[in-house]
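Just so you know, the sequence shown maps onto residues -22 to -1, 1 to 239 in mature numbering (1 follows the signal peptide of the UniProt record, and there is no 0).
Following: one structure in structure tokens, then a few remarks.
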Amino acid sequence: MTKALKAALAAAALVTASAAWATPSTTFWTPATTYTQPYLIPHLTYDTYVAEKGILQNTYGVTMGVLPFEKLQGEVGVDAFYPTISLRTNDFVQVNGKLTLPENAFADWQPGVSFGIANVGFKKDVSDYDLLHLTVAKTFPVIGNIGVGGYYGAGSKVLWTGSDAKVNRSGFMASWTSADIKIGKPGLDKIIFLADVATGKNWFGAVGGGIGLYFTPSIDVLTGPVYLLDENLYKANSMANTNFMWTVQLDVDMDFAAPKK
């Protein structure tokens, strides 16, 4: 291995600590969903990824719908990470955004289609992942929602270098979200199950899945395991130290509209 490749690999392992997933609308780990935050309703999130001997930094994010149209939706968001290696570089913020043609907007058979960008940082080779993603999804009776798509890492070559010292920028994404299991009791409105995958030997490649507990229609907790595919990259990182994490994700929609009478 050349000195340049060794340096790139070391840098990739180092900065992976600042790559905890930014929070556009997601399924579990990936943005492989055409769900888009409703217009002018802020969505707050707090995500943790922990293991017995490792941790990714906590994610604090807000995402909001920005288009008032029925047949074209859009959202933008910003995320901060703590604790993070990026504190040493004064850069711990990333932004995201996407546009969506909602499912059934033009015909009953039409799937939803989303295109967006996430993990846009402002420090070269530290947080500029610039993850482009495209998803097509359709909801089926009983089965639930199934999404397929792909991604491309348009940012720093260093940040998309895997443990094999190769630049791995692209991969496949897929997701599944079950139909709602209605509970309708005080303190628990419904339950869903969900899973997703992103291929690729890089920081983003992973398989995840779990359960979503909706205490109200606008407050939920998602929890379950995430298995990171490039295990050597994460195990080499002093903060992550493992490729298997357990995530707990708290989500709150803040709908300021007056209640309907």
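Note that beta-carbon positions come from the ideal geometry of N, C-alpha and C, so glycine has one too.
In this text the structure is predicted, and so the values were computed from the model without any measurement.
* Asked: Counting Cβ pairs, one atom from each stretch, are 3 or more of them under 8 Å apart for the stretch 43 to 62 and the stretch 76 to 86?
  -> Short answer: they touch.
* Asked: What separation, rounded to the nearest whole angstrom, lies between the Cα atoms of residue 120 and residue 143?
  -> Approximately 44 Å, taken between the alpha carbons.
* Starting from the Cα of residue 122, find the closest Cα among 11, 234, 2 and give me that residue. => Looking at the Cα atoms, 11 is the closest of the given residues.
* On the premise that residue 217 lies in contact with residue 29, defined as a C-beta separation below 8 Å, what is that separation, rounded to the nearest angstrom? -> Actually they do not touch by this definition, with Cβ atoms about 11 Å apart.
* **Simplified DSSP state of residue 97, which is helix, strand or coil** => Here residue 97 sits in strand by DSSP.
* **For residue 232 and residue 20, believed in contact at Cβ under 8 Å, the rounded distance** => With 8 Å as the limit, residue 20 and residue 232 qualify as a contact, their Cβ atoms being about 5 Å apart.
* Asked: Quick one: what's got a C-beta closer than 6 Å to residue 150's C-beta in the same chain, skipping five residues either side?
  -> Around residue 150, the same chain offers 128, 177 as residues with beta carbons nearer than 6 Å, after the five sequence neighbours per side are excluded.
* Are the CB atoms of residue 117 and residue 92 nearer to each other than 7 Å? -> No, the pair does not count as a contact, with Cβ atoms beyond the cut-off.
* With distances taken Cα to Cα, identify the nearest neighbour of residue 55 among 101, 135, 18, 85. => Nearest option by C-alpha distance: 18.
* To do: List the whole-angstrom C-beta distance separating residue 230 from residue 7, where the pair is believed to meet the contact cut-off of C-beta under 8 Å.
  => The C-beta distance from residue 230 to residue 7 rounds to 20 Å, too long to meet the 8 Å contact threshold.
* To do: Decide if residue -20 is buried, meaning its Cβ has at least 16 other Cβ atoms within 10 Å, or exposed.
  => Because the pLDDT of residue -20 is 47, which lies under 50, any placement of that residue in the model is unreliable, and the number read from its coordinates should be weighed accordingly. The residue is exposed, with fewer than 16 neighbouring Cβ atoms inside 10 Å.
* Asked: In whole angstroms, what separates the C-alpha of residue 168 from that of residue 108?
  -> Using only the alpha carbons, I get a separation of about 34 Å.
* Any idea if residue 166 is buried or exposed, counting beta-carbon neighbours within 10 angstroms, 16 or more meaning buried? -> Looking at its Cβ environment, which holds fewer than 16 other Cβ atoms inside 10 Å, residue 166 is exposed.
* Going by DSSP, name the residue or residues bridged to residue 92. => 78, 113, per the DSSP bridge assignment.
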